[in-house]
């Protein structure tokens with residue numbers, strides 16, 4: 007609450023919850039963080055959230071995050087990262103991604 011714009015603080019808080027095995031709390035913290043209207047480094051926060059979901063093996067959650075992020079920005083780096091994700095085992099795999 008004290009610094010809702012501080013992406014590093016949000017990420018550290020989420021990392022703390024993950025480190026003690028609180029996966030759902032970690033996810034909830036990231037959700038609260040990306041919902042903030044003003045963030046100092048939103049790209050870092052979104053990347054950390056997506057990486058968290060990939061590390062958890064949650065391809066559908068990661069895909070949903072990419073799609074939400076693309077709704078906010080059409081930046082080419084996001085598209086490239088999304089395409090690379092879809093080519094992984096957690097994504098749909100290379101054969102499906104090519105279709």
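In the numbering used here, the protein residues as written are 7 to 105. Cβ atoms here follow ideal geometry from the backbone N, Cα and C, with glycine treated the same way. Values in this document were obtained by computation on a predicted structure and should not be read as measured data.
task: Drop a sphere of 10 angstroms on the beta-carbon of residue 27, count the other beta-carbons inside from all chains shown, and report buried for 16 or more, exposed for fewer.
output: Counting every other CB atom within 10 Å of its CB across the protein chains shown gives residue 27 a total below 16, marking it as exposed.
Top-ranked residue by Cα proximity to residue 94, from 31, 66, 24 and 11: Answer by Cα proximity: 66.
- request: Throw me the rounded Cβ distance for the residue 71 and residue 56 pair, which I believe falls under 8 Å.
  value: Residue 71 to residue 56, Cβ: 5 Å. Contact.
Contact belief for residue 51 with residue 25 at Cβ below 8 Å, rounded distance in angstroms: About 18 Å; that fails the 8 Å criterion.
task: Specify the secondary structure class of residue 92 as computed by DSSP and reduced to three states.
output: Residue 92 falls in the helix class under three-state DSSP.
message: Are the CB atoms of residue 42 and residue 11 within a distance shorter than 9 Å?
response: Between residue 11 and residue 42, the C-beta gap is smaller than 9 Å, which places the two residues in contact.
- request: Along the alpha helix (DSSP H) that carries residue 17, what are the first and last residues, could you check?
  value: Its alpha helix (DSSP H) spans residues 13 to 25.
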